[in-house]
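Structure first, commentary second.
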Amino acid sequence: MTAPIRARQRAAELRARLNQHNYHYYVLDDPVISDAEYDLLLRELQDLEAKYDDLVTVDSPTQRVGAEPLSSFQEVKHKVPMLSLSNAFDEHEVISFDRRVRERIKVDLVEYVAEPKVDGLAISLLYEHGALVRGATRGDGMTGEDVTQNVRTIRSIPLRLLGEKSPRLIEVRGEVFMTFKGFLALNDRQRSAGLKEFVNPRNAAAGSLRQLDPALTAERPLQMFCYAVGELDTEELPQSQYELLKQLRRWGFAVSPLAELVEGVEQCLAYYRRMVDRRGALSYPIDGIVYKVDSVSRQQSLGTVSRAPRWALAHKFPAQEETTVVNAIEVQVGRTGAITPVARLEPVFVGGVTVSNATLHNRSEIERLDLRIGDTVVVRRAGDVIPEVAKVIKTYRPQAAKRFQFPQRCPVCRSEVVYEGGEGVIARCSGGLYCSAQRKEHLKHFASRKAMDIDGLGDKIIDQLVDAGIVGDISDFYALTAAQLAGLDRLAEKSAQNLVDALEQSKQTTLQRFLFAMGISQVGETTARQLADHYGSLDSVMNATEDDLQSITDIGPIVATNIYTFFRQPHNKEVISKLRRRGVTWPETGPTKRDYSNLLLSGKTIVLTGTLHSMSRNEAKTKLQELGAKVAASVSRKTDFVILGADPGSKATKAEQLGVEMLDEEQLLELLAGPRPR
Ligand code: IVH
């Protein structure tokens, strides 16, 4: 049906308003209306278009998704070739570039625009009379592929140019990319669906744009920053790169917010150094900086050689991946005795730092990589994380390459190594605090920020204190004197005194910190806090039974056993009393429990066994606890009730023997229904 004039006007108005809101939301990241209001406008437009099909236009916001899958991509010839950039890998090359530019155009100081080099793929967007009519990949620079349907699904790309006046024809170019967050989420989805994961955000962006079915592209979190113009039929474009970026922004394109106008090569290099520092904090990948001569007439007079402009340069960041040789594999012993294999590497410069060690995580990782000593490997470093071996280059494997044998004895204390976890992937030294490696890690944990927070007591100092036999256990820290400390390497008298003061200060602590500082296996900050809140005093924690410990919601049988066993070791009890004698102290509050006195289950000890139908055992446990009951793991004379689910085990027999009252699930539900007078 042909639309009446009123409907036509309303549709045009809705399209304009929706495009404007889209720009605020996806480009400016600053929405002016709520999602619900946007949906309302969109639905109104959809209804109009459904009623009058002649109202559907290519630039309608209803047309982003929904095109049919293609069987192949058409070729696109770029009328203006899509150039590549010359690269510079160090500052000297940038200085030479600037000198060549100045000599050619005969000026002393050149204005450049410095922009991040986004690590995605170059895309061309063609607009006719303001409407997006074609999107194409760069391809080889001369011929690319038509990915119009797919680029239409990218929300930060305008389907219609904003503003009053649009050129009859303009081709805008830029980089399509994926954020790290979008990339990780996409890989999560791929993994759950049993599909192949992408190796990095750039591959993910390229793979997403090359989907034949635009519905798939629409699900991918793609974004685009624009930075150049190709084909064009207007003379009225800004004559400066910096002004061009502003014009692109006015037309509704997303432009890198980090682009800056700089003067001369010194400012280029200063910008580069700033970006090297900021790089890790950006939400998307960049692999360098692009410097472009700002003046368009100067660009024209400089011209192009072999497909790269003389007026632009890509100053690359140091690689995040590099190849090197594994000279040896050694193991490190952690605080809990876990033995981690480490690759000792031929030193290599990766991502701006020299790397000579890479973690190999565990035994199965070495098997997965099929790594041998002598292998050539790819080492990867991302941000501040510990460098890892990404893969082995098998074709470079020397004949003499040796397999690594996991040790049977701890390399530090010679105690036996035990293997745990699925298929024994976790190797552990059984030496406990007898092992000086474990002792050092234990001492470091005790001093760390979230534990006793002893300012200035760093790893190097602790290593020396242990090696010199000055410190054997954590209580020895509090007997240290400034004179002893001043004898250590790298510790001047002043710092020695500061450290003694810091030790003194750390004695005033909290029960939570103290419990965490003990380094009990699997007792992290959270569990330490729960213990402190629940028991209020160290003695109550130390006296708690395993059953009692398990009544705390997040504490299961293994952690309960770890805590219970820890406080039964004479050595640990001895160290704790020494710490107390030497002045370590914290406020004790007594248990901060709710008042359950008016509740039926207050003070009752209940044991659950068998399968419940209406809820899980954990849910039942929580509900009973809320009503003041203590839920214990095993039946004893102190047990008040045993709740029997289906197929109860030995706990039912025990309850029978001891004459403990037993309730079935129905009675449990009655009990949970609430307290009532008996
Ligand atoms: S300018 C003549 N600017 O780098 C201008 N390119 O190595 C040519 N790239 O194919 C491109 N960010 O994919 C330019 N701000 C930026 C860029 C950028 C990323 C990519 C683009 C291009 C490649 C050249």
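Under the numbering used here, the first residue of the sequence shown carries the number 918, and numbering increases by one thereafter.
We put the beta carbon where it would ideally sit given N, CA and C, even for glycine.
Alpha carbon to alpha carbon, how far is residue i from residue j?
i: Glu1578; j: Gln1542; result: 19 Å
i: Leu1588; j: Asp1581; result: 11 Å
i: Tyr943; j: Ala1225; result: 32 Å
i: Thr1570; j: Thr1444; result: 33 Å
i: Tyr1188; j: Glu1410; result: 42 Å
i: Gly1527; j: Ile1560; result: 8 Å
i: Ala1385; j: Val1248; result: 23 Å
i: Ala1354; j: Lys1538; result: 41 Å
i: Leu1448; j: Glu1583; result: 33 Å
i: Val1064; j: Ala1231; result: 26 Å
i: Asn1117; j: Arg1190; result: 24 Å
i: Lys1357; j: Ser1438; result: 16 Å
i: Ile1290; j: Val1243; result: 6 Å
i: Ala1048; j: Gly1058; result: 24 Å
i: Glu1442; j: Gln1325; result: 33 Å
i: Arg1090; j: Val1146; result: 6 Å
i: Leu1420; j: Glu1177; result: 49 Å
i: Tyr940; j: Thr1070; result: 14 Å
i: Asp1025; j: Arg927; result: 57 Å
Specify, as a first and last residue, the run of the alpha helix (DSSP H) that residue i falls within.
i: Pro1258; result: First-last for Pro1258: Ala1255 to Val1267, but that is the beta strand (DSSP E), not the alpha helix (DSSP H).
i: Leu1496; result: Pro1487 to Arg1498
i: Gly1099; result: Phe1097 to Ser1109
i: Val1458; result: Leu1455 to Asn1460
i: Asn1279; result: First-last for Asn1279: undefined, no H or E at that position.
i: Gln1164; result: Gln1158 to Trp1168
i: Met1192; result: Gly1181 to Arg1195
i: Val1035; result: No alpha helix (DSSP H) contains Val1035, which is instead part of the beta strand (DSSP E) from Glu1028 to Val1035.
Taking only heavy atoms of the ligand IVH into account, decide whether any of them is closer than 7 Å to the Cβ of residue i.
i: Tyr1144; result: yes
i: Lys1034; result: yes
i: Pro1226; result: yes
i: Ile1162; result: First, the amino acid is wrong: residue 1162 is Leu here, not Ile. No, the beta carbon of Leu1162 sits no closer than 7 Å to any heavy atom of the ligand IVH.
i: Ala1231; result: yes
i: Gly1122; result: First, the amino acid is wrong: residue 1122 is Ala here, not Gly. It does not: the Cβ of Ala1122 is nowhere closer than 7 Å to a heavy atom of the ligand IVH.
i: Leu1154; result: no
i: Ser1001; result: yes
i: Glu1183; result: no
i: Glu1062; result: no
i: Arg1119; result: no
i: Val1207; result: yes
i: Glu1088; result: no
i: Leu945; result: no
i: Arg1055; result: yes
i: Ala1039; result: yes
Just to confirm, is the Cβ distance from residue i to residue j under 8 Å?
i: Arg1430; j: Ala1364; result: no
i: Val1501; j: Tyr1395; result: yes
i: Val1265; j: Thr1241; result: yes
i: Tyr1144; j: Leu1162; result: yes
i: Leu1274; j: Thr1257; result: The sequence given here has Asn at residue 1274, not Leu. No, the Cβ-Cβ distance between Asn1274 and Thr1257 is not below 8 Å.
i: Tyr955; j: Ala920; result: no
i: Leu1038; j: Arg1051; result: no
i: Lys1209; j: Val1030; result: yes
i: Val1075; j: Phe1142; result: Contrary to the premise, residue 1075 reads as Pro rather than Val in this sequence. Not closer than 8 Å, so no.
i: Val1524; j: Ser1567; result: no
i: Gln991; j: Leu1079; result: no
i: Val1272; j: Leu1262; result: yes
i: Leu1496; j: Ile1391; result: yes
i: Gly1545; j: Gly1520; result: yes
i: Val1027; j: Arg1019; result: yes
i: Thr1398; j: Trp1503; result: no
i: Val1250; j: Val1342; result: no
i: Cys1346; j: Gly1254; result: yes
i: Val1270; j: Glu1238; result: no
i: Asp1295; j: Lys1311; result: Sequence inspection shows Val at residue 1295; the Asp mentioned does not correspond to that position. No, they are not a contact pair.
i: Asp1211; j: Lys1034; result: no
i: Ala1236; j: Val1207; result: no
Along the beta strand (DSSP E) that carries residue i, what are the first and last residues, could you check?
i: Cys1143; result: Leu1139 to Leu1149
i: Thr1060; result: Thr1060 to Glu1062
i: Ala1344; result: Ile1343 to Cys1346
Between residue i and chain B, is there a C-beta pair that is closer than 8 Å?
i: Ser1551; result: In the displayed structure, chain B is absent; only one protein chain is listed.
Measuring CB atoms only, is the stretch 1007-1024 touching the stretch 1091-1105, in the sense that at least three cross pairs come out at less than 8 Å? Because the criterion of three Cβ pairs below 8 Å is not met, the stretch 1007-1024 and the stretch 1091-1105 do not touch.
Does the stretch 974-987 come close enough to the stretch 1190-1209 to have 3 or more Cβ pairs within less than 8 Å? Short answer: they don't touch.
Tell me, please, whether the stretch 1097-1105 touches the stretch 948-964 by the rule of three or more beta-carbon pairs shorter than 8 Å. No contact exists between the stretch 1097-1105 and the stretch 948-964.
Does the stretch 1304-1324 come within contact of the stretch 1213-1222, defined as at least 3 CB pairs closer than 8 Å? Output reads no: the stretch 1213-1222 does not touch the stretch 1304-1324.
Are the stretch 1412-1424 and the stretch 1373-1387 touching by the rule of at least three beta carbon pairs closer than 8 Å? Yes, since at least three Cβ pairs between the stretch 1412-1424 and the stretch 1373-1387 fall closer than 8 Å, the two stretches touch.
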